[in-house]
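Using mature numbering (1 follows the signal peptide of the UniProt record, and there is no 0), the letters of the sequence shown correspond one by one to residues -19 to -1, 1 to 778.
C-beta atoms are modelled at their ideal positions from N, C-alpha and C, and glycine is treated no differently.
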Amino acid sequence: MNRLPLLLVAATVPTLLSAASSGSGLVSGTVKDEGGRPVAGAVVTLENRVVGRLQTARTDAQGRFSLFNVPFNDYHLEASAPGLATAHRDVAVRSTLPLQVALSLPQAGAVVVVEEHAGIIEDHPSSHIDIDRATIEQIPAVVQSRGMESILLATPGFIQDENGRFHFRGSHGQAMYVIDGVPVTDQMQATFSNSLDPGQVESMEVITGGISAEYGGKPGAVVNLTSKSGLGTPGGFEGNVTFGAARFETYETGLSLRGSTDRSGWFVTAAGSRSDRFLDPVNFENLHNQGSTGRIYTRFDWLLSDRDTLRLSVGGGATQRDVVNLASQEARGQDQRARNVDANVSLGWTRLLGPDASLEATLFHRHSTAKLDPTADLAPGFTGNGPDYPYWARQDRSLDNQGATVAYQAKKGDDSFKAGLQYVRYPIRERFAFAIPDGSRVTDSGDPLYPYTPAGGGNIFRFDEGIAPSLASAYVQQDLKSGNWNLALGLRLDSYHGRGYVQNQLQPRVGVSRSFPDAGTLLRFSYDRLLITPENENLAFSTSQAAWDLTSAAGTRVPQLRPEIQDSFLVGVEQQLGGIFKASLDYWWKDSANSADNDQFLNTGVLFPTAAAKGAFHGMDLRLDLLEVRGWSGYLSAGTVRTIFRTPTVGGLSSAEASGPAGTPYLIDHDEKLTLQLGVRYQSKGFFGQVIGRYDSGLVAGDPAEAAGNPDYAFGIPYVRVTNDSLVGPTWRIKPRTVWNLSAGREFATSAHTSLTLGANLLNVFNEKGLYNFLSAFGGTHVIPPRTLAVNVKFKF
């Protein structure tokens, strides 16, 4: 699987100017009759039933065709023309190098033997899920342009948390997006940034094991996104406009356009929304929770010559929202506000060195800012009578990603090779101030926080520092195929420059698979050593001496917050039954040092990165897929996760507090005994309908005794339960919950080239009440959404 952590990657064919992005390939070729004469106007179709992808093109006067932006996968290729029989071919797109196919159409009436060997199981050693197009386009969501995290939850191993956050296989957030080859390791959930819009996505793949050596930064899981391109647009232009409305004064509008010429293509999408329930609130009353967001993304492709392709992507977004209030904060009139802005640009060039080799170079820059504004300014000598309670806080931070890569790739038969260099720099600037108007929070005059209370003098803590960590990398990846065996060999060297240290890490990555075509079975094993960089959001403060001196360890030297090092293992089996059903079962385990997590600052969305000394994780993932049969299709994802951390912890404001001797085990709130998600879909003649049900057995929670009599948190006590854990004894967990979502719609043709689609989503059909988390030091307390009806309209032209 190929994707370089930067931008553009494309390929051109000497006799056919066309391109592909770094997350996709190009399929081109010729269609001729039995006499070798070109067939003009032949219809060429490329199909993958597993992901529901169907792409078509027509041949020109010379019988040539091209299919652009084809995501990496296995496909069945067909060509047909009046008076001639249909030609068939199975093809595999595995790299950005062009795949050329010559098809010959026999005379009508000739006996054609159709051999389809592609099946529905890929024989690569990596463990991954291809998200089908219908799931991307029709995921039930209150706001479609903020539904990216809901799509990921269809993948086993992803545990749902509040505000679009998720934990993959017990880890905190060690997953990365790769958008057309550009790595995004920032946290993308609404609390920290601006969510990605699924409307820009052409295809989506989630790699969970057998990680290629080209991926670094946050490669615990890799979400590969191929964006839509304007190249090859039918008729040269198309687009759509969408409108949506839902409960809680929620509204959304969006626009998508794309077009092409013989030598270029362009695509643009934009969306905006607002809601009075913007985030998952901290209580069922949904207090002070209004927000709005907007996002735009553009992509331009130019075919500079027969061998050179250039691509430019520009995008950005902005979110303005309230900071949700506790009941006591609402009574005091607290009115804190948060704002996140990001801007992204990437430029890539690809040089085709021949039919089997290419050179890729990319540059990218991402700039993001986050602000937290208090209700009102606070002056030194303050009392506890202000509206912001129990803490007053202000934040103004910025984070940049500045990167460049170069890569060489080649293929020979079924074997492929890729080697590259990568460099990313992360300039960070953080300004953070806080005080503690609630004097009951700190009463000991010897506590380092005491000076920031009214009794301690009413001082305001102020922090203003900048750091610039960086990651320099080199890698080689060799994928070999021999008969029914596949071997993936990767080696990556990372050099991470953190605050006050440099850490070099060699990372071998090995995957092997054996297929049994007659039985429809695939066995696989993988081992990945991964260096996972610390979260960059609030990293300057979390690693500073100033923050450490606010803890009980004040006066000692601040410990270093180093990257997490994971050793990850996976064994799995996939089984195909007929041509419509497949099952995948993985058992995985991993051990880590400097296991990453975070420390939440109340309900503000300000999180400080932390790391426990060690972590141990294991679990199983199950995925069942039913391909479309007479309009019906479906899937079942199931997972179980065991997550154990060991003390001590570094980073944040509470890491120095005593939590037992070094090596003391504890369950983190990423531990969940069982998650299930079932999806069933029906579509026919423009109508579509689906039902999605999700069961969560419950994350680890805080002790409800701490909330007894507390008007802000007592409401959550009925939604937690005590269980007995074999390692740590009695453990509080969120009570199990099951949530069902329904959606339906119909597309009406309004002309030969236009249509109108009406849709509706009913979320949490049975109005289940429950919590995502409760009294968590890492996530706080948040409630799940109530029953919500959302309607939407799409006009295509």
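Review point. Does DSSP put His98 in a helix, a strand or coil?
Key: Since pLDDT at His98 reaches only 48, below the 50 mark, its modelled position is unreliable, and the value read off the structure follows with that caveat. Three-state result, His98: coil.
**Study point:** Outcome for Val405 when other beta-carbon atoms lying within 10 angstroms are tallied against a minimum of 16
**Key:** It is buried - the Cβ of Val405 has at least 16 other Cβ atoms within 10 Å.
Point to revise | Local Cβ density within 10 Å of Pro685, reported as buried at 16 or more and exposed below that | key: buried
Check your understanding: Which word fits Ser349, buried or exposed, when buried means at least 16 other C-beta atoms lie within 10 angstroms of its C-beta?
Key -> buried
Review point. Would you report the Cα separation of Gln556 and Val493, rounded to the nearest angstrom?
Key: A straight-line Cα-Cα distance of about 17 Å links Gln556 and Val493.
Check your understanding: Quick one, are the C-beta atoms of Arg132 and Thr116 less than 8 Å apart?
Key -> The residue asked about is misnamed: residue 132 is Ile in this sequence, not Arg. For the 8 Å CB-CB criterion, Ile132 and Thr116 form a contact.
Check your understanding: What three-state label does DSSP hand Phe589 in the structure shown?
Key -> strand
Exercise for review: Would you please state the rounded distance, in angstroms, between the beta carbons of Ser174 and Gln181? I believe it to be under 8 Å.
Suggested key: Between Gln181 and Ser174 the Cβ distance is about 15 Å, and since that is not below 8 Å, they are no contact.
Practice item. Determine the direct distance from the alpha carbon of Thr524 to that of Phe589, and round the result to whole angstroms. Key: 9 Å
**Study point:** Close-in-space but distant-in-sequence residues of the same chain around Asp178 (CB under 7 Å, 5 per side omitted)
**Key:** Ser126, Thr250, Ala252, Arg276 and Tyr278
**Study point:** Start and end residues, beta strand (DSSP E) containing Glu555
**Key:** Glu545 to Leu558
Review point. Looking at the unbroken alpha helix (DSSP H) that takes in Ser108, where does it start and where does it end?
Key: Unbroken run through Ser108 is the beta strand (DSSP E), Ser108 to Ile112; no alpha helix (DSSP H).
Review point. Could you give the distance in angstroms between the alpha-carbon of Asp337 and the alpha-carbon of Tyr389?
Key: Going from the Cα of Asp337 to the Cα of Tyr389 covers about 11 Å.
**Study point:** Whole beta strand (DSSP E) elements within the segment 426 to 508, 3-residue minimum
**Key:** 442 to 448, 451 to 463, 466 to 479 and 482 to 497
Check your understanding: Between the C-alpha atoms of His98 and Ile409, what's the straight-line distance to the nearest angstrom?
Key -> Any reading at His98 needs caution, since the residue's pLDDT is 48, under 50, leaving its predicted position unreliable; the model's value is listed next. Cα to Cα, His98 sits roughly 51 Å from Ile409.
Check your understanding: Quick check: the segment 223 to 230 against the segment 141 to 155, are there 3 or more CB pairs under 8 Å?
Key -> no
Exercise for review: Pull up the DSSP beta-bridge partners for Ala299, would you.
Suggested key: Gly275 and Val322
Practice item. Check Arg768 in the structure and name its three-state DSSP category. Key: coil
Practice item. Measure the CB-CB distance between Ser5 and Phe53 and report whether it falls below 8 Å. Key: yes
Practice item. Using alpha carbons as the reference points, say which of Ser339, Asn50 and Val703 lies closest to Asp289. Key: Ser339
Exercise for review: Select from Gln36, Glu28 and Ala68 the residue whose C-alpha is nearest the C-alpha of Thr11.
Suggested key: Ala68
Exercise for review: Please state whether DSSP places Gln383 in a helix, a strand or coil.
Suggested key: strand
**Study point:** Residue environment, Leu212, which counts as buried when at least 16 other CB atoms sit within 10 Å
**Key:** buried
Exercise for review: For Leu487, collect the residues of the same chain with a Cβ closer than 6 Å to its Cβ; drop the 5 residues on either side in sequence, then sort them by chain order.
Suggested key: Leu474
Check your understanding: Does the Cβ-Cβ distance between Thr624 and Met601 come in under 8 Å?
Key -> no
Review point. Along the chain, where does the beta strand (DSSP E) that runs through Phe229 open and close?
Key: Segment: none, Phe229 is in no beta strand (DSSP E) and carries neither H nor E.
Practice item. For the alpha helix (DSSP H) holding Leu648, just list the boundary residues, first then last. Key: Counting along the chain, Leu648 falls outside any alpha helix (DSSP H), though it belongs to the beta strand (DSSP E) covering Pro646 to Leu648.
Check your understanding: The alpha helix (DSSP H) with Ala528 in it runs from where to where?
Key -> Gln526 to Trp529
Review point. Shorter than 8 Å from the beta carbon of Gly660 to some beta carbon of chain C?
Key: Among the chains of the structure shown, chain C does not appear; only one protein chain is present.
Exercise for review: Using beta-carbon positions only, say whether Arg505 and Gly464 come within less than 8 Å of one another.
Suggested key: no
Practice item. Reducing DSSP to helix, strand and coil, say where Met129 ends up. Key: helix
Practice item. Note down the Cα distance separating Pro87 from Ala38, rounded to an integer number of angstroms. Key: Approximately 20 Å between the Cα atoms of the pair.
Exercise for review: Note the first and the last residue of the continuous alpha helix (DSSP H) segment covering Leu520.
Suggested key: Leu520 to Ser523
**Study point:** Residues of its chain near Pro371, where Cβ-Cβ distance is below 6 Å and the 5 sequence neighbours each way are ignored
**Key:** So the qualifying residues of the chain are Asp419 and Arg422.
Exercise for review: May I ask you to report which of helix, strand or coil DSSP gives Thr719?
Suggested key: strand
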